[in-house]
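This report refers to the structure that appears directly beneath it.
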Amino acid sequence: MSDLIQIFAKAPLAGKVKTRLAKDKGDEFALQIHHRLCETVVNMALDARVAEVEVWTTSDEACSYFESMGVACYVQQGQHLGTRMDFALRHGLARHHKVVLIGADAPSIDGQYLADAFRALEKSSVVIGPAMDGGYVLVGATEPVSFLFREMPWGTPEVMGFTLERLFTAGVGFHVLSDRWDIDTLDDLKRHLPDWLNA
0 MSDLIQIFAK APLAGKVKTR LAKDKGDEFA LQIHHRLCET VVNMALDARV
50 AEVEVWTTSD EACSYFESMG VACYVQQGQH LGTRMDFALR HGLARHHKVV
100 LIGADAPSID GQYLADAFRA LEKSSVVIGP AMDGGYVLVG ATEPVSFLFR
150 EMPWGTPEVM GFTLERLFTA GVGFHVLSDR WDIDTLDDLK RHLPDWLNA
């Protein structure tokens, strides 16, 4: 069984993606940035050649867009982000020994970072890639870890702290990678990808 990279990406619909960015720059601009992020992250994962790659999106209709990039596509299942991530990881672990899940909004992840994540899973059950905003940009596992995803305050700076606390409490071996940034707001774009402001 080869390793697997899962990329979580919302369906590319104006008004439904990068909503915090859209408040400052409008829905169409936010949609263009979303497209660019998705294409950047999917191509990076494919070019890394460290694992199979698949996208998990939010609607059947969006799958043709992602499949055109050369990846398999599945529709997320569940009411909340945590249940959707748990479902995807379980689905992946039924087919692969090591699964790493990333978001399409973290172009700071590169092939070496992914390789490091899979290497960490050779010795640990869980790997986490922290985000600079207090969440995380990557989670990987060799076994289901549903307890990480229940009743988590997603989108807040407390996510990483709660995640580590739960791992310690459960006695699960884990490895933490170096911090990476993601793109949620206009400030993020100005700080990390200023060239994209002319999208």
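If you read the sequence shown in numbering that gives the first Met the number 0, its first letter stands for residue 0, the second for the next number, and so on. Think of the CB as a built atom: it goes at the ideal place given N, C-alpha and C, for glycine as much as any other residue.
Which residues in the same chain have their Cβ closer than 8 Å to the Cβ of residue i, if we skip the five residues on either side of it in sequence?
i	result
Leu92	Val98, Ala140, Thr141, Glu142 and Pro143
Leu45	Val52, Met68, Gly69 and Val70
Phe65	Ala8, Cys37, Val41, Val54, Thr56 and Cys72
Measuring straight from C-alpha to C-alpha, what distance separates residue i and residue j?
i	j	result
Ala47	Ala116	12 Å
Asp183	Asn42	20 Å
Glu150	Ala103	23 Å
Arg190	Ser63	32 Å
Arg165	Asp85	15 Å
Gly77	Gly133	24 Å
His90	Pro193	37 Å
Ile108	His96	22 Å
Ser177	Thr168	22 Å
Whose C-beta lies closer than 7 Å to the C-beta of residue i among residues of the same chain, with five residues either side of it excluded?
i	result
Lys24	Leu185
Thr39	Pro106
Lys15	Lys9
Ala61	Ala10 and Pro11
Per DSSP, residue i is paired with what?
i	result
Pro129	Tyr135
Ile6	Val54 and Ile101
Tyr64	Per DSSP, none; premise fails for Tyr64.
Of all the options the options, which has the alpha carbon lying nearest to the alpha carbon of residue i?
i	options	result
Glu157	Pro129, Ala8, Gly172 and His95	Pro129
Thr82	Leu147, Ala8 and Glu51	Leu147
Lys17	Phe173, Asp181, Ala87 and Leu176	Asp181
Ile6	Ala87, Leu188 and Val49	Ala87
Arg19	Asp187, Arg118 and Leu192	Asp187
Trp153	Thr168, Tyr135 and Glu164	Tyr135
Trp195	Arg35, Ala13, Ser1 and Ser145	Arg35
Thr162	Ser177, Val138, Gln111 and Pro11	Val138
Arg179	Ile32, Met131, Val171 and Ser1	Met131
Asp175	Ile127, Asp2 and Gly160	With the sequence shown as reference, residue 175 is identified as Val, and Asp is not the correct amino acid for it. When each option's Cα is compared against that of Val175, the closest is Ile127.
Ser1	Arg94, Gly170, Phe173 and Pro193	Arg94
Give me, in chain order, the residues of the same chain whose beta-carbon lies closer than 6 Å to that of residue i; leave out the 5 immediate sequence neighbours on both sides.
i	result
Gly110	Ala47
Leu113	Ala47 and Val49
Ala21	Ala29
His33	Pro11, Val16 and Lys17
**Cβ pair count under 8 Å reaching 3, the stretch 19-31 against the stretch 119-131** = No contact exists between the stretch 19-31 and the stretch 119-131.
**Prompt:** Below 8 Å, can you find three or more Cβ-Cβ pairs linking the stretch 71-78 to the stretch 47-57?
**Reply:** With a cut-off of 8 Å, the stretch 47-57 and the stretch 71-78 count as touching, because enough Cβ pairs lie within range.
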